[in-house]
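What follows is a short report on a single structure.
Right, dumping it as structure tokens:
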């Protein structure tokens, strides 16, 4: 199961009463057997909430039974009877856990959240029971120590290496007493992470901003007005208007609302979440999580949690990440301050008599954009209708680049009526995968956008992939078109990049399937796919006015492209601020954990030089799900790290002819199809035939000529190291 968190903001629906989960009848539980639908597609129409816990627990028991003969075998360990045997275990658990986890993210309810809370420590204990099994590890270590004599093919050799590292990093070499300490830490961390995620989600629902008067919403479009009116009806606040908060600090409507006090109210509501007392406060969860992670890292022999996490990423170590973030922060903040000056000029011209604040940024940056480029975001939306974006944009680009074709089908069950299902056919006409598109926001769905796999490709089992994309586009009133923002279009292409990574997987072992790559590499292929959102041939094919069918005027397209670097100071600074917070929390040793989380956050931002109030972090610590709930702890830097590779690859593709089958086939064969079956950076080099440059990223974000450390300026140097960074 893969969760790729890409822009989390979020809402889960919680009723006042949690439904008890009863034991399911094994005969009727569809999760206990392989799905008979094409490609083992989940039978969503048969799965009930009460099926999950029994299936997951049965899966745990079954996997431990499968592990026992491997660990206790009297035969000499071989690659087949140990490592491949381990790869074959846990199919029931994987099916049940994957289906549960994916649905809990996109279609949750109180019963499922109760299961999540109960299962979190059980999952942790189950993983420990395998990784801390001394006899099992001894067999893996014996094979690893003799790996050069086994005559393994490259993928098998890498699998053995990864298994050994997985066991060691999970504590297999610890003493028995330290293993017991680790088990307790892991169980508590699992519980804390679940608590954090659920508190964040509950606070989201409790933080909606209610507006009494329509005139206070001046500036909103008809579609936006319909959205806030429908939200009020959903919350049984007839006659009022409800602005629902997303998980990012900034909020979408701040760019449109003319009412400054309302903008301030929205921003302060967002900014104070989970840190103002009450049942959803996460400050103590953050402190305790940081403490336990630091203790776990020390127990495993690392200076801090970041050192432990980064060892297994392409960045490798803390100094490398600190250098990347430290080099980028000064020019980014300098750009943001220049952008603030431009906005302040407009405020002064309008006799605003106030200094630009965080709640003013989106509103006045749009005015600057309109003045500078003679267009605003609202001009684009009529050309970005959802169906055209997906079918004539995302799928069209995949057809041109990779030879894929798509056919929508309506015979497979779905968990929500809005969900769409497509058969995906390869360049030879044979079916490659099944793709699920879940595009609309709803109260039962966490925010943001992500990809996951219900079934992962595997040569060992003969499985073909079933992958899903999830977006959170507000659903318009019945009969109205779904018109996207430019960012939403880009996100659709981004998430499909993850889907391609999953669908093109062509590996033998499940451990390496699809997006099973380092966190600081996984965003790279998806970010590359964003380039087709504005590629002229692709854009002309999907950017058509939803009423007239007329293509987007060339003049407007030119303005979009000219404005690509606009507001990059803000975007880079808000992202870097969150990344630096993530590192600050996770570079502490156990004795350095603070007692006041708010004070620590403030001091960390100041120390990093990114404490510029008009540009707050994209996520504050207290609703930072990447860092404290998801899989990106000490890893939020991954997006900018991946963008070094992405920007460089985009330049390579452009210089080699752009939207050509030759380029797509090369990217697929050298990188997308390989999953995690080889060292990640070597896959990049296989594609580009060289080490990565940082200059394309600096140019893209407008940092090439910004003031800052000398080594962030564009030059001719190229990285000759194993990290995608520029040499000093």
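Residue numbers (our numbering): 201 to 928.
For every residue, glycine included, the Cβ atom is placed at its ideal position computed from N, Cα and C.
Below 9 Å between beta carbons: does that hold for residue i and residue j?
{"i": "residue 640", "j": "residue 623", "result": "no"}
{"i": "residue 270", "j": "residue 487", "result": "no"}
{"i": "residue 454", "j": "residue 411", "result": "no"}
{"i": "residue 931", "j": "residue 255", "result": "Residue 931 cannot be examined here, being either before or after the span of the chain that is shown, 201 to 928."}
{"i": "residue 602", "j": "residue 858", "result": "no"}
{"i": "residue 400", "j": "residue 480", "result": "yes"}
{"i": "residue 332", "j": "residue 371", "result": "yes"}
{"i": "residue 363", "j": "residue 654", "result": "no"}
{"i": "residue 692", "j": "residue 594", "result": "yes"}
{"i": "residue 263", "j": "residue 320", "result": "no"}
{"i": "residue 322", "j": "residue 257", "result": "yes"}
{"i": "residue 625", "j": "residue 607", "result": "yes"}
{"i": "residue 801", "j": "residue 821", "result": "yes"}
{"i": "residue 278", "j": "residue 395", "result": "no"}
{"i": "residue 324", "j": "residue 389", "result": "yes"}
{"i": "residue 869", "j": "residue 818", "result": "no"}
{"i": "residue 518", "j": "residue 787", "result": "yes"}
Let me check understanding here. Comparing Cα to Cα, which of the options lies closest to residue i?
{"i": "residue 759", "options": "890, 330, 580 and 517", "result": "580"}
{"i": "residue 566", "options": "264, 763, 351 and 722", "result": "763"}
{"i": "residue 662", "options": "789, 420 and 713", "result": "713"}
{"i": "residue 252", "options": "292, 472 and 856", "result": "292"}
{"i": "residue 505", "options": "691, 376 and 783", "result": "783"}
{"i": "residue 696", "options": "717, 716, 649 and 710", "result": "649"}
{"i": "residue 837", "options": "522, 743, 883 and 868", "result": "522"}
{"i": "residue 343", "options": "282, 322, 397 and 375", "result": "282"}
{"i": "residue 704", "options": "630, 257 and 495", "result": "630"}
{"i": "residue 743", "options": "729, 844 and 585", "result": "585"}
{"i": "residue 807", "options": "830, 781, 831 and 827", "result": "781"}
{"i": "residue 902", "options": "532, 369 and 335", "result": "532"}
{"i": "residue 245", "options": "613, 847 and 483", "result": "613"}
{"i": "residue 543", "options": "881, 526, 552 and 564", "result": "564"}
{"i": "residue 334", "options": "322, 347, 615 and 367", "result": "367"}
{"i": "residue 177", "options": "249, 326, 258 and 297", "result": "Any question about residue 177 goes unanswered here, given that the chain covers just 201 to 928."}
{"i": "residue 425", "options": "732, 676 and 692", "result": "676"}
{"i": "residue 327", "options": "839, 409, 512 and 260", "result": "260"}
{"i": "residue 740", "options": "731, 754, 805 and 728", "result": "754"}
{"i": "residue 146", "options": "489, 354 and 645", "result": "Residue 146 lies beyond the residue range present for the chain, which begins at 201 and ends at 928; the question has no answer from this structure."}
{"i": "residue 709", "options": "659, 413, 680 and 408", "result": "659"}
{"i": "residue 529", "options": "795, 317 and 809", "result": "809"}
Taking all protein chains shown into account, decide if residue i is buried (16 or more other Cβ within 10 angstroms of its Cβ) or exposed.
{"i": "residue 816", "result": "buried"}
{"i": "residue 222", "result": "Confidence in residue 222 is poor, its pLDDT being 39 and thus under 50, which makes the residue's placement unreliable; the coordinate value appears in the next sentence. Its Cβ having fewer than 16 others within 10 Å, residue 222 is exposed."}
{"i": "residue 825", "result": "buried"}
{"i": "residue 951", "result": "Within the shown structure, residues of the chain are numbered from 201 to 928, placing residue 951 beyond reach of any answer."}
{"i": "residue 431", "result": "buried"}
{"i": "residue 338", "result": "exposed"}
{"i": "residue 190", "result": "The question about residue 190 has no answer here: the residues shown for the chain are numbered 201 through 928."}
{"i": "residue 894", "result": "buried"}
{"i": "residue 862", "result": "exposed"}
{"i": "residue 887", "result": "buried"}
{"i": "residue 265", "result": "exposed"}
{"i": "residue 609", "result": "exposed"}
{"i": "residue 925", "result": "With a pLDDT of 30 at residue 925, under the threshold of 50, the modelled position of that residue is not reliable, and the figure given next carries that caveat. Buried: at least 16 other Cβ atoms inside 10 Å."}
{"i": "residue 554", "result": "exposed"}
{"i": "residue 205", "result": "Any reading at residue 205 needs caution, since the residue's pLDDT is 34, under 50, leaving its predicted position unreliable; the model's value is listed next. Answer is buried; the Cβ neighbour count reaches 16."}
{"i": "residue 227", "result": "exposed"}
{"i": "residue 689", "result": "buried"}
{"i": "residue 562", "result": "buried"}
{"i": "residue 429", "result": "buried"}
{"i": "residue 236", "result": "exposed"}
{"i": "residue 356", "result": "buried"}
Just checking: is the beta-carbon of residue i within a distance shorter than 9 Å of some beta-carbon in chain C?
{"i": "residue 306", "result": "Here there is only one protein chain, and chain C is not present."}
Exercise for review: May I have a chain-ordered list of the alpha helix (DSSP H) segments no shorter than 4 residues that lie completely inside the region 513-600?
Suggested key: 518-549 and 561-573
At a cut of 8 Å, does the region 529-546 reach the region 768-776 through at least three beta carbon pairs? yes
Original post:
Quick one: any contact between the region 624-637 and the region 666-681, if contact means 3 or more CB pairs under 8 Å?
Top reply: yes
### Task
Please determine if the region 747-761 and the region 585-600 are in contact, where contact requires at least 3 C-beta pairs separated by less than 8 Å.
no
| task | Evaluate contact between the region 863-880 and the region 697-717, counting only Cβ atoms and requiring at least three cross-stretch pairs below 8 Å. | result | yes
What ranges does the beta strand (DSSP E) occupy inside the region 363-422, keeping only unbroken runs of at least 3 residues that lie completely in it? 409-411
Stretch-stretch touch, CB-based, cutoff 8 Å, three pairs: the region 385-397 with the region 490-498: Contact between the region 385-397 and the region 490-498 is present: 3 or more CB-CB pairs across the two stretches fall below 8 Å.
Identify every run of the alpha helix (DSSP H) within the region 257-315, keeping only runs that are complete inside it and at least 4 residues long; order them along the chain. Listed in chain order, the complete alpha helix (DSSP H) runs (minimum 4 residues) inside the region 257-315 are 285-288 and 291-306.
Alpha helix (DSSP H) runs contained entirely in the region 688-748, provided each spans 4 or more residues: If you keep only unbroken alpha helix (DSSP H) runs of at least 4 residues inside the region 688-748, you get 719-729 and 736-742.
For this session: May I ask you to verify whether the region 723-731 touches the region 567-575, counting CB pairs closer than 8 Å and requiring at least 3?
Result: no
- Task: Indicate whether the contact test is met: 3 or more Cβ pairs, each with one atom in the region 414-429 and one in the region 439-451, closer than 8 Å.
- Result: yes
Practice prompt. Taking only runs that begin and end inside the region 592-654, name each unbroken alpha helix (DSSP H) of 4 or more residues, in chain order.
Written response: 595-602
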